[in-house]
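In structure tokens form, the structure reads like this:
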């Protein structure tokens, strides 16, 4: 990553797509290490204020899983100058909406506000970073809320446990094997000091990207950013980042999971290169070939023609250390999971042996282009993309140029990617079956 | 060294600048931005299709939508065919089969979805000609094929199957059935049976009758100007034939005269889905529609009263909200949450508290002002999507709203007062005339909910809202639980016959998702016991052996050979005797005659049995035959109690003149497993050593 002094502002202008105007932005770094990115779009009088912290479930201590996600809840509880329960109310009463999400790699907070409330958004985010309230009452309440979230999303929802069950078998060493929502026991036994330490370690300016998009006056925005964030001291504590690499898998992992479901499901997960790696693009296009659109191979062959599945899809999880290609199918009634699995495997074999056609490659590129365009339809989407590109690939301008990496992918690259990664040895296979009885 | 100085300097600097700002002061907003709302361009084709165009060149893409303004229809015994008609449109034309249509659409990176009430499509603007060409072909050269209908039916039935485990889907069905009733199209529920009745003929007729340009509103949004739009639409849809489309009228569903509490039993549930709902009369554009939406946002929007009470104050739920739908025929109010089983009663109480509070007391002006600001901001955020502008224009046409309705929206919004909010609450929120629908573990939740029903009674319904028959008769005078058990023993051959049974070996089997599950139970007096569960004849899932003293478990669910101890061992001991019911009169057992309850439409004596180990089981004995037809045992799972129901049917006499059920259906929540008795051997050879690990 390039180092840029805060006094040096770079105006990034890049060649973009044919028809779309390039997304223009400014980026710089505050003295305390916080990175800032600004994009002006005056078409609607609104602004998206986002802060991304480079802390996800992978940074957690193995005995304290669920911390990163728990903070996503806790940090709406209030701060030194924002009373308990006021945070959400304040955004709402000022005409805005807000939310947050937690991944394996990072935690992302955002507000969308009328453009005349930019300063409020900045102040609120600076409160969250500088002195959020880590108090017993908030911790207790959010513990209960998170438990309900877990019950609702994982336990009371068919196939809700799928990602956790898959990841824990895919990663034996790397913390991606641990659940994002984490263990309720860990959250129950954690002391207040531990929450406080976590906050002081990860919620520091040098670990954050502030990304703003919308109807803003750039000059004024910078003044406010300096005012509210420039004065926040660096955290300075060493930030733990897992250095462990997941060793290459040497044999297939196969297992059966019994769940509260009616129809069996099949999961294949393959470890693939990290986001931004040149090979990642070929694998990403491979997953589109398998499942994007109704003419995709899974949909056309397995769902429509063979009618073996109610649904089957391929999902790339783009992650910092190792990405995963997740294939997931639910059988049609009367079809066994083995039958669905062999239909999926047939598709892997086909793409390993037969080169895809020129026409198919063009289709994939059109789909990629359409995806890029749709991702920029809203200011919050632009702010998030800019932030992610900077955090993970060191260059926000990839919002304009990353499509070139897809255009470089050849038909041979896709076949090679299939041969290298869609192998039995690199695979975790799970069958989800209805719990027979207690 | 230099580095350290630099750091010290930086620290000092930041401390210094830190002191310079007063963070306790919340920033004030700048002048409110002007929110501009332009009218879209519009034109009409000769066939009556009305078209709106919103040009927006920010992105090189275009979206096209069609809305057909048709009345809903009653679908008879083939509910679901209207939806399926919509899906079929995308699956065939005279010249293209589904695979070719899919290939065409994906090749240009576009997306197209069709429904019975129109379509939505988008693509990069450079492919707009191709997009319109396929849309035109789908609508004008439609061809429905049997193979596609068969595929859709199969998928729909599989989808319905997965819904049986989805508490929200169950609540949704029951709510539809109750709020709208079965004489209104909104109350129709798609089931496996109605899907079976769908024919190609029904779908073709619907399409030919209702899919017509003269009831259509089309919107083109994005990177396109009016002139190009006109040419494209004219070319693609100019030849679409208009026709008279039938109108339909329905009696408006009325709310219940008094509040009713309705429970759907889902024994595996770890949470209860709560819906408090009733129909409302709220048409789009009604004079108090804006006040009503302010009221609903204040009550049940994100981070509003329900959310703050049930989630932030009590931690009962991940989220509690309400919804107030506007509709030309009939709308609906619904307040909802998913809460953990144990707090179901308290949650309903808090819901009702909030529903009454918004009606009974005037909301603080500051709170109302906050909601007005929020809705003002939401309006601006909504305008980011050019589709919004098109849909506003369509609403105005479709519902006959004033032309300047949305242009005046912010002004009208600003004038909503706390009194307006209260008036809207009193009109549209009726906690005294609502259905309180709870989908959860009835055993734990039903009784305490009775107090919320005007009748004082909870109504049990199935997953489609049909009443589950309730018991009718009082218990006969003088009947005791022990007598019921004695009658049972007589009914299955009598104690004398059973005392001659020294050993028994029962084999059962069940098929499940293409697999065969076999279960073998062996018993020998005094109390030797073995059970073995095998999958596909080979894989041992679980094997338990008990030699009267010790028990060992092995198999897939318990790898190795684990000794069973504690409560489970005690339970095994109790079940290992030849006829466990014969022991019910012994010390340590407690029997409690609960009453008469219905099982499969028949009356049964329900008895709660408490075993010496402390475990409990409810058993149901048929009033007429005396036979035991059901056992329900509740076990502690990791997420709270989970019930397991075993239904015993098809009693037949076997060797030794004893009666044994030949079919056992084990129900674990909505899943069930039927085991058929394949073989039974009475007094075959067995020895104590067989039961050692």
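Residue numbers (the numbering used here), protein chains in the order written: chain A, 1 to 438; chain B, 1001 to 1693. Backbone N, C-alpha and C define an ideal beta-carbon position, used for all residues, glycine too. These numbers come from a predicted model, not from an experiment.
Buried or exposed (CB count within 10 angstroms, at least 16 for buried), residue i
i               : result
residue 434(A)  : buried
residue 418(A)  : buried
residue 1001(B) : The predicted position of residue 1001(B) is uncertain, since its pLDDT is 36 and thus under 50; no value can be drawn from it.
residue 1107(B) : buried
residue 244(A)  : exposed
residue 1180(B) : buried
CB contact check: residue i to chain A, cutoff 8 Å
i               : result
residue 1276(B) : no
residue 1345(B) : no
residue 1384(B) : yes
residue 1661(B) : no
residue 1058(B) : yes
residue 1616(B) : no
residue 1374(B) : yes
Cutoff 8 Å: residue i Cβ touching any chain B Cβ
i              : result
residue 145(A) : yes
residue 7(A)   : Interpretation of residue 7(A) is limited by its pLDDT of 25, a score under 50 that renders its predicted location unreliable; no figure is taken from the coordinates.
residue 420(A) : no
residue 436(A) : yes
residue 112(A) : yes
residue 185(A) : no
residue 149(A) : yes
residue 155(A) : yes
residue 211(A) : no
residue 429(A) : no
residue 141(A) : yes
residue 81(A)  : yes
residue 16(A)  : With a pLDDT of 31 at residue 16(A), under the threshold of 50, the modelled position of that residue is not reliable, and the figure given next carries that caveat. No - not a single Cβ of chain B is within 8 Å of the one on residue 16(A).
Check whether residue i and residue j have beta carbons under 8 Å apart
i               : j               : result
residue 333(A)  : residue 210(A)  : no
residue 223(A)  : residue 40(A)   : no
residue 1060(B) : residue 1126(B) : yes
residue 439(A)  : residue 1315(B) : What the structure shows of chain A is the stretch from 1 to 438, and residue 439(A) is not part of that stretch, so it cannot be assessed.
residue 344(A)  : residue 312(A)  : yes
residue 1453(B) : residue 1259(B) : yes
residue 159(A)  : residue 321(A)  : no
residue 1596(B) : residue 1623(B) : yes
residue 1115(B) : residue 1092(B) : no
residue 1618(B) : residue 1632(B) : yes
residue 325(A)  : residue 280(A)  : no
residue 49(A)   : residue 113(A)  : yes
residue 1280(B) : residue 1375(B) : no
residue 1730(B) : residue 1504(B) : For residue 1730(B) there is no data in the structure shown, the boundaries of chain B being 1001 and 1693.
Where the alpha helix (DSSP H) containing residue i begins and where it ends
i               : result
residue 411(A)  : 411-421
residue 1275(B) : Taken as a continuous stretch (DSSP letters only), residue 1275(B) belongs to no alpha helix (DSSP H), being part of the beta strand (DSSP E) at 1271-1280.
residue 288(A)  : 278-291
residue 72(A)   : 67-74
residue 1293(B) : 1289-1300
residue 1155(B) : 1146-1163
Proximity test, residue i beta-carbon vs the ligand ADP heavy atom, cut-off 7 Å
i               : result
residue 1358(B) : The ligand ADP is absent from the structure shown, which contains no ligand whatsoever.
Extent of the continuous beta strand (DSSP E) to which residue i belongs
i               : result
residue 1603(B) : 1602-1610
residue 1334(B) : 1331-1340
residue 40(A)   : 35-40
residue 1523(B) : 1515-1524
Looking at chain A, which residues of the stretch 1241-1269 of chain B have a Cβ within less than 8 Å of any of its Cβ atoms?
Cβ contacts with chain A: 1268 and 1269.
Check each residue of the stretch 373-398 of chain A: if its Cβ is closer than 8 Å to any Cβ of chain B, include it; give the result in chain order.
So the list reads 373, 374, 376, 377, 378 and 379, given in the order they occur along the chain.
Scan the stretch 1157-1190 of chain B for residues whose Cβ lies nearer than 7 Å to a Cβ of chain A and list them as they occur along the chain.
1157, 1158, 1159, 1161, 1162, 1164, 1165, 1166 and 1167: these are the residues of the stretch 1157-1190 of chain B whose beta carbon lies less than 7 Å from some beta carbon of chain A, given in chain order.
Taking Cβ-Cβ distances below 9 Å as the criterion, which residues of the stretch 1028-1040 of chain B are in contact with chain A?
Within the stretch 1028-1040 of chain B, the residues whose Cβ lies closer than 9 Å to some Cβ of chain A are 1028, 1029, 1030, 1031, 1032, 1033, 1034, 1035 and 1036, listed in chain order.
For the stretch 302-322 of chain A, enumerate the residues whose C-beta is nearer than 7 Å to any C-beta of chain B, in chain order.
Residues passing the 7 Å Cβ filter: 304, 307 and 310.
Tell me which residues of the stretch 1395-1429 of chain B have at least one Cβ-Cβ distance to chain A shorter than 7 Å, keeping chain order.
So nothing in the stretch comes that close.
Given a limit of 7 Å on CB to CB distance, which residues of the stretch 167-186 of chain A reach chain B?
Answer set for the stretch 167-186 of chain A: empty.
Closer than 8 Å between beta carbons: that is the criterion. Which residues of the stretch 93-108 of chain A meet it against chain B?
Listed in sequence order: 93, 94, 95, 96 and 97.
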